[in-house]
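The structure under discussion appears below in the form of structure tokens.
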Amino acid sequence: MQARSVLFTLYGDYVRHYGSTIWVGSLIALMTELGFTATAVRAAVSRMTRQGWLVSIRSGRASYYALSGRGQERIDEAAQRIFKLHPERWDGRWRILVVGGERDPKQRERLRRELAWMGFAALSRGVYLSPNDLLDRIASLADRYELRDRFETFTAEHDGPTPDARLAARHWDLRAIDAAYEGFVAEWQPRLDAHRAALSRSETLADPVCFVEKTRLVHAFRKFLFVDPGLPQELLPERWAGADARGVFSAYYHMLTEGALRFFEFRPPLPVV
């Protein structure tokens, strides 16, 4: 695990529920439990601040770090997708985004990554496809990159001859995504079963263990945000391991939450700035 990526997990699963602001000393204490050094944490926080995900707040000699507007938007979106238990119902229409005009290579790559994160597939250079209604998020992205006059969106129906599900499989590597979900289940189902067995014997995990385990669980599941476009049920294979993975994630997450939150709240101080 990389420090920057784990910090996103901490902000998304804990800090955003406590005012989205935290003292850097608390971050270091929490990250130490996960095996990171203070130097690594400070470097990751500085990088996230430079990238616009966090903002630094000084209070006397103490430094706090809060989610920026952009960071809050990304964290909220990620949480909504992570905790969605079932795929959306599809309205049968496709959304096409056309991005015109020349852009510098760095901006073009950042935009490509943002659209992939949102679940778009690239049909060709500057043309992207999604079955999901993402028009509000597209507008926000266009404003962020000051490209509103270069974005054109279309809502269309596919007339064939390829079936819609096969079209989806052509543009997204569903086999690889399914295999990744199977790997998640293979890793985390035994841990869930072991915890259930311990509870049946009236045994409990210590709060620090719950915190570490839950953070690693969320971090592992969060990776699917970068590979799974969140296709509606009608476009998924009949046998889809994502459903099993979400079941394992949800069950283990709720099992670990109480102890993990006790440990997080014990980390002093967590002031409201």
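If you're matching positions, the sequence shown starts at -19 in this note's numbering and goes up one per residue. Cβ atoms here follow ideal geometry from the backbone N, Cα and C, with glycine treated the same way.
CB contact flag (Ala24, Arg50, <8 angstroms): no
Buried or exposed (CB count within 10 angstroms, at least 16 for buried), Val21: buried
Met28 classed as buried or exposed, judged by whether at least 16 other C-beta atoms fall within 10 angstroms: buried
Separation of Val107 from Ile2, as counted between CA atoms: 40 angstroms
Supposed close pair Thr195, Leu(-10) - CB separation, criterion 8 angstroms: 7 angstroms
Closest by C-alpha distance to Trp97, when choosing among Arg69, Pro188, Ser110 and Pro85: Ser110
Rounded separation between Phe246 and Thr12 - CA only: Their backbone Cα atoms lie some 14 angstroms apart in a straight line.
Option nearest Gly99 by Cα separation, candidates Ile157, Gly(-8), Ala9 and Leu(-13): Ile157
Test item: CB-CB of Ala145 and Val207 under 8 angstroms: no
Minimum C-alpha distance to Arg171 - residue among His199, Tyr232 and Gln213: Tyr232
Three-pair Cβ contact test at 8 angstroms for the stretch 164 to 180 versus the stretch 113 to 133: No, they do not touch.
Residue burial classification, Ser222 (beta-carbon count within 10 angstroms, cutoff 16): Here residue 222 turns out to be Gly, not Ser, going by the sequence shown. Buried: at least 16 other Cβ atoms inside 10 Å.
Buried versus exposed, by CB contacts within 10 Å (16 or more), Asp153: The residue is exposed, with fewer than 16 neighbouring Cβ atoms inside 10 Å.
Within 8 angstroms, strictly: CB atoms of Glu214 and Trp70: yes
Cβ-based burial, Glu193 [other Cβ within 10 Å; buried from 16]: buried
Beta-carbon gap between Ile62 and Phe201 smaller than 8 angstroms: yes
Closest Cα partner of Ile257 within the set Glu68, Thr17, Thr133 and Ser6: Beyond the ends of the chain as shown, which are -19 and 253, falls residue 257; an answer cannot be given.
Burial state of Asp(-7), where buried means 16 or more other Cβ atoms lie within 10 Å: When all chains shown are included, Asp(-7) counts as buried.
Beta-carbon separation (whole angstroms), Tyr45 vs Val(-14), contact threshold 8 angstroms: Their Cβ separation, rounded to whole angstroms, is 14 angstroms, which puts Tyr45 and Val(-14) out of contact at 8 angstroms.
Terminal residues of the beta strand (DSSP E) in which Tyr108 lies: Val107 to Ser110
Three-way DSSP call (helix, strand, coil) for Glu132 in this model: strand
Residue environment, Met(-19), which counts as buried when at least 16 other CB atoms sit within 10 Å: exposed
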